[in-house]
Structure formats: C-alpha cells, structure tokens
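Plus 1089 on top of the position in the sequence shown (first one is 1) and you've got the working numbering. From the three backbone atoms N, C-alpha and C, an ideal C-beta is built for every residue, glycine too. Remember, it's a predicted structure, so these values are computed and weren't measured experimentally.
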Amino acid sequence: MCLAAPSRVIEVRDGTAVTECFGQTREVSLLLLDDEVAVGDYLLIQAGGFAFERLDVERAKESLALMQELMAKGEDANRWGSEA
C-alpha cells in the first residue's frame, strides 16, 4: 500500500513543479496530469516523483492535519515505549 501526502506547489516549471510537504521540497513531473497546475495547488505524488492527482484545497488541508496528528501520536508512543 502506498500513502501519498498532499504536497503544495510552490513553483511551476516546464512540465514539472516544485512542491513542499512537511518542510521537504522536491521537483515532480506533471506528465500524468491533464489539469493545469498553479502555485498554491495541492498534488498527490507517486513514489517515482510523478504527480497523479490535483486535490481540492480543503481536502488536502484535512489530510495533512490528520497526518500530523498521527505522526505526533507515533512520536509520543516512541518516546514512552508504548503504542498510542
């Protein structure tokens, strides 16, 4: 199973975009997308670096908030040596 975190577009180039997610930036291919992509859009990206879906902003923000909550619970579990 693959889990894709929504990544915010911070720059659009010719056929690629620079995205940011949880403080990490990377350049991704837009080859698989039919939609136009603009700065501020959120994308789902495959492990190989291909964006495959543009997300609604609200859906992306909800997903990111849930992921942050889960990561925080994981950090707490690791800190105390138990499962959250």
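Beta-carbon contacts of residue i that lie in its chain and below 7 Å, excluding the five residues immediately before and after
i: leucine 1120; result: Gly1104, Phe1139
Residue i burial status per 10 Å Cβ neighbour count (16 or more: buried)
i: isoleucine 1134; result: buried
i: threonine 1114; result: exposed
i: leucine 1155; result: exposed
i: leucine 1149; result: First, the amino acid is wrong: residue 1149 is alanine here, not leucine. Alanine 1149 should be labelled buried.
i: aspartate 1145; result: exposed
Same chain only: Cβ atoms within 6 Å of residue i, ignoring 5 sequence neighbours per side
i: glutamate 1142; result: Leu1133
Cβ shell of residue i (< 8 Å), same chain only, five flanking positions each side left out
i: alanine 1127; result: Val1098, Val1101
Beta-bridge partners of residue i, as assigned by DSSP
i: glutamine 1113; result: Cys1110
i: valine 1101; result: Ala1106
i: leucine 1225; result: The displayed coordinates of the chain run from 1090 to 1173. Any statement about residue 1225 would go beyond what the structure contains.
i: serine 1096; result: Leu1132
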